[in-house]
Every structure is written in C-alpha cells, then in structure tokens.
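Visitor: Quick one: structure below, then a few questions.
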Amino acid sequence: MEKYVFPKDFVWGTATASYQVEGATREDGRGESIWDTFARKPGAVYAGENGDVACDQYHRYAEDAALMAELGFNSYRFSIAWPRIIPSGTGKVNPEGIAYYRRLCDELHKHNIKACATLYHWDLPQALEDCHASQGLGGWTNRSITDAFREYVKICYEVLGDVVDMWYTINEPYCVAYLGHLMGAHAPGHRDLQKAMAAVHHVNMAHGIAVEEYRKTKLKAPIGIVWNPVTPRPATGKEADIKAAKFLRSFSTEVFIYPALGKGYPEEIIKDKKYNIPVEKGDMETIAQPIDFIGINYYFENAVVADENAPNKVAFKPSWHDTTAMGWPVIPAGFERQLDWIHEISKGAFGKEEMPIYITENGCAYDDELTADGRIHDRQRIEYLKQHLAVCANAIKKGIPLKGYFVWSLIDNFEWAYGYTKRFGIIHVDFKTQKRTFKDSAFFFRDVIAGFADW
C-alpha cells in the first residue's frame, strides 16, 4: 500500500456546467441558448432529452453547496450561462441572472468553498447564432462574436468580480469548434471544415479578449483557460503512425494551445491550404494574453494509425484497456504522458519559469444503480479515481507544478448528446425526484481530501 502525498495548499474541487445542472431555462429572464435549440432537434440528443430541469441546481444550489462542504471540497468550478446574464447575447443585462450567481458564490463562501467561474461552457445565446445566419455565418463562425464576447465578459467582471475566486475563459475550445462545427455532435450541429476553422480562431480570440479585458479591471483572482488536449499515441512504431499521431495532436490540440502560449498556429496546419484559419493583423497578439494557469481536462487517450481513407488521414484503433460506460479506455499512463507534455511546452511561457497546472476535469461514467441498502457501490469509479490521483501525486513528486484537481462531476447531470444516460457524478441524482445520494466514490474522495490518500 502506497501513501500518496499532496501539498497542504492543494486545491480539491469538483465541477459542473450551467446547462448540465441548472435547469430553470425559462425562468427569471434567461434567454435561449444554442443547446436549448439543439436539444429539440430530432435525433440530436438521446430520447429527445434536454436541460430544461437538469439537476435543478438553480433552485437547489444551497443543498449542493452543503453536500460539497460535507465531503471537504474547498473549490467549486461552475459555469456562467451567457443567456442568463445577457439574454440576447448583447444589449440588455438581466439583473436576476446576476443575482443568481452572486447567491451561489455567497453560499459557497459561507462553507469556505472558493467560487471558480467558467465564462463560457458552450451555452451560446441563440440570438448570436441567428445573427448573420442568412449568410451561413452565425455564432462562432462570424468574427463579430468576439465583440459580443468582450461585452459579456466585461459585465461578468463588473458584477461578479468581487465574489469569484478563480476565472476560466473558455471550457474545451476543441468541443466548441470541432464537435459543434465539424462533427455536428454538439450544438449548433454544423458539419463544415471551414466553419470549424473559423470557430477555432474566433474561440481563441475570445479567450485572449477575456484575459485582455480582465487585466484592465485590476481584479486579483487568477485567470486561465481549460483545454481538453487530444494527445494520441501511435498504435505502432511505424514512422507513418508516429506522424499521424503528431498531426492529430496538431489539428486537435496545438491549434488551441500554441497560439494562447504565444507560439502561433502549428506550421503543418498553416501550410495546408485546406485548413483556412481567418487570421487578421493583431489577432495573434490578442490571443497570446498572459494567463496565470492552465486547466486540463483528461478522460482517456486514443491509439491511432495513418490511414489514407480516414478523416485527416488518421484512424483510431481499439485498445486493450477496460472501458467506461462512454466506451472510453481507462489509460492513466496516457494522463501521465499528457501532463509531461503540457508541462514541457508551457515552460517559460509569459516569462514564467513554470506554468501552474490544474486538473479541471477528470472522472468517468458508469452504470450506477441504487442497491437494496440505498447505496451506490461504484467500485469501478473509485478504481479509476485512484489510478488518476496516483498520477497526480507522482507528477507533483517529479516537479510538475500541479496545483489542484477538480473531479468531474459533483452530481449526475445532463450529458449533452447522451441525455441522462451517462452518470459521471460522485453524487447520484434521481432525475424524477431530484434526490441526491452520495455514492461510495464520494466517501472515497472525502477520505482523500482529509489526507487518507493511501491505497
């Protein structure tokens, strides 16, 4: 049995996203988001489910804060719903939306839990998607989105800056640009390479703008971004497969990370005219605003090979590892490889000898069931968490500046296109009654936070 040691000031957090947990989509002046629209598109979401009620956290935030406190968490990462703050995306501000997030932050502080706010976790106001839609250029495909985002973040800083303890600009730009605009799996559901590349650049611009505006406020809370790096391994030692893995990392990950760190877009993407990124003068300087930390979301790693007939000439191969309910292979070694890579490429960025790193999401979905004793004995999730927390402890031991870990997720919630079929929470939610029940993994995490991280 090994004893894993974490620093005394290590951040132990849990995370959610507004559309996945809040519900109350038509209450208190909230506008419609692209996910409200997408969820009503036939076939887009499993069984036609949506986030109208979700986990009802809009009304149950005090209960959820108390549950976090009971488990010992010192930080909660949530996201601000843009259409709750500015229902139409620009223009009139909704005071009831602001009041909700202030209540949430105050409740967290009452339990000595830090309020960690993500400015954008995918719920774009539908009105912005509709703008310029007649030209086929709405939402993130249109450069004007960056002006709207600037307006939105300035308001967030002004009205919430005194109660937020940590800021994140964008959650998973990869998902915004590619799942939403290339693969059609997420809102707004486009399948167009040029729209996706425009979204890549505009999301990167939005990140830089958010940091730029934040520095003008003189607020002191740290600000960073959350990436979900795709860092595949080659399935074989063949040179072609090694190149394929490197290319996929460039296309899926480096196009977001490198510009934000001041390294520009990857050369192999720029030189291929197929990938048309609409860069204008001054854009790269805007994107490369100095950040205080990097947030990393890790779930799994893929094995890939070169394949002339596959998209981007890269194909995914099966793995021998156990899989989660999402079908994702459980590969903690991939987590370690990714952390090593992020640490290496971020060294020296913005004059920092080393860039602080937070694991902003890590977790797994399994088919959890209540047993006769009223418990959820989710041993697979506990094993998953053990393995990945061990990677974190070892990373710290070898000198990686890992400052915190946020488990995904606090509670079972609306899992995007999968509806309510995939349970990631360490707290079970009965979606009919909204009853919360601690899973065994919640008690495991309670022990880890308390300092009993030995297994």
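322 is the number that full-length UniProt numbering gives to position 322 of the sequence shown; each next residue is one higher, with no gaps.
Here a beta-carbon is modelled for each residue, glycine too, at the ideal position from N, C-alpha and C.
Using a Cβ-Cβ cut-off of 7 Å (strictly less than) and excluding sequence neighbours within five positions of A69, which residues of its own chain qualify?
Guide: For the purposes of this step, residue 69 is taken as the residue at position 69 of the sequence shown. Closer than 7 Å at the Cβ level, and outside the excluded window around A69, lie H111 and I113.
Visitor: Going by DSSP in three states, L389 sits in which element: helix, strand or coil?
Guide: For this step, residue 389 is matched to residue 389 along the sequence shown. Three-state DSSP puts L389 in a helix.
Visitor: Would a C-beta distance cut-off of 7 Å place N297 and T236 closer than the cut-off?
Guide: Taking the first residue of the sequence shown as 1, we reach residue 297 at position 297. Taking the first residue of the sequence shown as 1, we reach residue 236 at position 236. Not closer than 7 Å, so no.
Visitor: With H, G and I counted as helix, E and B as strand and the rest as coil, what does DSSP make of S144?
Guide: Within the sequence shown, the letter at position 144 stands for residue 144. S144: coil per DSSP, three-state reduction.
Visitor: Mind checking who L108 pairs with in its DSSP beta bridge?
Guide: Taking the sequence shown and counting its residues from 1, the one referred to as residue 108 is at position 108. DSSP lists no partner for L108.
Visitor: Taking DSSP's pairing of strands, which residues face C116 in a bridge?
Guide: On the sequence shown, residue 116 is found 116 positions in, with the first residue counted as 1. According to DSSP, C116 bridges with R77 and M166.
Visitor: For a test of your reading of the model: does the CB of A185 fall under 6 Å from any non-hydrogen atom of the ligand ZN? Yes or no.
Guide: This structure lacks the ligand ZN, and indeed carries no ligand of any kind.
Visitor: Considering only residues of the same chain and omitting the five flanking positions on each side of A395, which have a CB-CB separation below 6 Å?
Guide: Along the sequence shown, one-based indexing puts residue 395 at 395. Cβ within range, chain order: L339 and L402.
Visitor: Buried or exposed: M1, going by 16 or more other Cβ atoms within 10 Å of its Cβ?
Guide: By 1-based counting over the sequence shown, the position of residue 1 is 1. Classification for M1: exposed.
Visitor: Any chance you could list the beta strand (DSSP E) runs of at least 3 consecutive residues sitting entirely within the segment 414-452, in chain order?
Guide: Qualifying beta strand (DSSP E) stretches, in chain order: 427-429 and 436-438.
Visitor: My assumption, with CB atoms under 8 Å, is that A185 sits in contact with L193. Please give the rounded CB distance.
Guide: As a first step, residue 185 is located in the sequence shown; it is residue number 185 there, counting from the start. As a first step, residue 193 is located in the sequence shown; it is residue number 193 there, counting from the start. Not quite, the Cβ-Cβ distance comes to about 15 Å (not below 8 Å), so this is no contact.
Visitor: Measure the CB-CB distance between H321 and P332 and report whether it falls below 7 Å.
Guide: Here residue 321 refers to the residue found at position 321 of the sequence shown. Here residue 332 refers to the residue found at position 332 of the sequence shown. Not closer than 7 Å, so no.
Visitor: Whose C-beta lies closer than 7 Å to the C-beta of D368 among residues of the same chain, with five residues either side of it excluded?
Guide: If you number the sequence shown from 1, residue 368 lands on position 368. Taken in chain order, the residues that qualify are I376, D378, R423, H428 and K439.
Visitor: Looking at the unbroken alpha helix (DSSP H) that takes in F335, where does it start and where does it end?
Guide: For the purposes of this step, residue 335 is identified with residue 335 of the sequence shown, where counting begins at 1. That run of the alpha helix (DSSP H) goes P332 to S346.
Visitor: Note down, one range per segment and in chain order, each beta strand (DSSP E) of at least 3 residues found wholly within the segment 195-254.
Guide: The qualifying runs are 223-227.
Visitor: To the nearest angstrom, how far is the alpha carbon of L248 from that of T231?
Guide: As a working mapping, residue 248 is identified with position 248 in the sequence shown. As a working mapping, residue 231 is identified with position 231 in the sequence shown. Looking at the two C-alpha atoms, the distance is approximately 8 Å.
Visitor: Do A127 and S88 come within 7 Å of each other at the CB atom, strictly closer than that value?
Guide: Position 88 of the sequence shown, counting from 1, holds the residue named residue 88. Position 127 of the sequence shown, counting from 1, holds the residue named residue 127. Contact: yes.
Visitor: Roughly how many whole angstroms lie between the Cα atoms of T14 and R77?
Guide: Here the question's residue 14 lines up with position 14 in the sequence shown. Here the question's residue 77 lines up with position 77 in the sequence shown. Cα-Cα distance, rounded: 6 Å.
Visitor: So what does DSSP say about W408, is it helix, strand or coil?
Guide: The count along the sequence shown starts at 1 and reaches residue 408 at position 408. Here W408 sits in strand by DSSP.
Visitor: Taking 8 Å as the threshold, find out whether the segment 209-222 comes into contact with the segment 236-245 through three or more Cβ pairs.
Guide: No contact exists between the segment 209-222 and the segment 236-245.
Visitor: At 4 residues or longer, what runs of the alpha helix (DSSP H) sit wholly inside the segment 12-69?
Guide: Entirely contained in the segment 12-69, the alpha helix (DSSP H) runs reaching 4 residues are, in chain order, 18-21 and 34-39.
Visitor: At a cut of 8 Å, does the segment 406-423 reach the segment 48-57 through at least three beta carbon pairs?
Guide: Yes: at least three Cβ pairs fall under 8 Å.
Visitor: Thinking F445 and L67 are a contact (beta carbons under 8 Å), I'd like their distance in whole angstroms, please.
Guide: Sequence index remark: in the sequence shown, residue 445 carries index 445 (1-based). Sequence index remark: in the sequence shown, residue 67 carries index 67 (1-based). F445 to L67, Cβ: 12 Å. No contact.
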